[in-house]
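Residue numbers (my numbering): 3 to 214.
We treat Cβ as the ideally placed atom computed from N, Cα and C, and that holds for glycine.
So this is what it looks like as structure tokens:
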């Protein structure tokens, strides 16, 4: 039997590109139109097809503007809204799964549970753990995309505009800033952006949270 230490020693560490390829899939657009554009598109395993399609369209538009160095605050706001929609779905899905998991685990430990019920509940719990694995991967994918987005100048400009609009509210000068990002009020969106959100994962049969 090979020892654990030898296994760890012999395991090759994944490069950033290899790790990225595990979470991203080759995009539909050909690199011939823009050789410098990344051929990888984020895939969220837990998203419904309709949300996935909308995200891909927004992501392609975001990447094109970013690589053309034409990304502006208005486009950044559109992409941020899209990201938050994805995050909201994944977060709500994880909360639903967490509640179901807690109920099923409680039923499993009941002394009067029948063997047939135990088997059925075990199958349900196993299925939930598999779904949780997908949500965990999706959270990592979200973090990669979101962290990349936060480094863009357009995103930083959004935060500056947010602070300016907050100050303008206090000094009644909102009309001077209305043209920066259109008529859409984005205070709530950026306020939420500054707050920590959490996802959860299963570890040794227990729930734990981690930041996203």
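Q) At what residues does the alpha helix (DSSP H) containing residue 55 begin and finish? A) Within the chain shown, numbered from 1, the residue matching residue 55 stands at position 53. Unbroken alpha helix (DSSP H) run through residue 55: 51–69.
(Q) Can you confirm whether the region 78–92 touches the region 52–68 when touching is taken to mean that 3 or more C-beta pairs between the two stretches lie within less than 8 Å? (A) yes
Q. Are the beta-carbon atoms belonging to residue 130 and residue 164 less than 7 Å from one another?
A. As a position in the chain shown, residue 130 is number 128, starting the count at 1. As a position in the chain shown, residue 164 is number 162, starting the count at 1. Contact: no.
Q. Counting Cβ pairs, one atom from each stretch, are 3 or more of them under 8 Å apart for the region 155–171 and the region 70–79?
A. yes
Q | Three-state secondary structure (DSSP) of residue 43 | A | Taking the chain shown and counting its residues from 1, the one referred to as residue 43 is at position 41. Strand, per DSSP.
**Q.** Simplified DSSP state of residue 73, which is helix, strand or coil
**A.** Start at 1 with the first residue of the chain shown, and residue 73 comes out as number 71. Residue 73: coil per DSSP, three-state reduction.
Q) With C-beta atoms as the reference, is residue 143 less than 7 Å away from residue 44? A) For the purposes of this step, residue 143 is identified with residue 141 of the chain shown, where counting begins at 1. For the purposes of this step, residue 44 is identified with residue 42 of the chain shown, where counting begins at 1. Against a cut-off of 7 Å, the Cβ pair of residue 44 and residue 143 comes out as a contact.
Q) Does the distance from the C-beta atom of residue 101 to that of residue 123 stay below 7 Å? A) Within the chain shown, numbered from 1, the residue matching residue 101 stands at position 99. Within the chain shown, numbered from 1, the residue matching residue 123 stands at position 121. No, the pair does not count as a contact, with Cβ atoms beyond the cut-off.
Q | Burial state of residue 216 (16 or more Cβ within 10 Å) | A | This structure does not reach residue 216, given that the chain is present from 3 up to 214, and the question cannot be answered.
Q: Find the nearest neighbour of residue 48 within the set 149, 150, 172 and 138, judged by alpha-carbon distance.
A: Residue 48 sits at position 46 when you count from the first residue of the chain shown. Comparing Cα-Cα distances from residue 48 to each of 149, 150, 172 and 138, the minimum goes to 138.
Q. If we ignore side chains and look at the alpha-carbon of each, how far apart do residue 169 and residue 190 end up?
A. What you label residue 169 is simply residue 167 of the chain shown in a count that begins at 1. What you label residue 190 is simply residue 188 of the chain shown in a count that begins at 1. So the two alpha carbons sit approximately 15 Å from each other.
Q | Length of the line joining the Cα atoms of residue 125 and residue 46 | A | As a first step, residue 125 must be located in the chain shown, where it is residue number 123. As a first step, residue 46 must be located in the chain shown, where it is residue number 44. Taking the straight line from one Cα to the other gives about 24 Å.
Q) Is the beta carbon of residue 135 sitting closer than 7 Å to the one on residue 92? A) Along the chain shown, read from residue 1 onward, the residue named residue 135 stands at position 133. Along the chain shown, read from residue 1 onward, the residue named residue 92 stands at position 90. It is not a contact, given that the beta carbons lie outside the stated cut-off.
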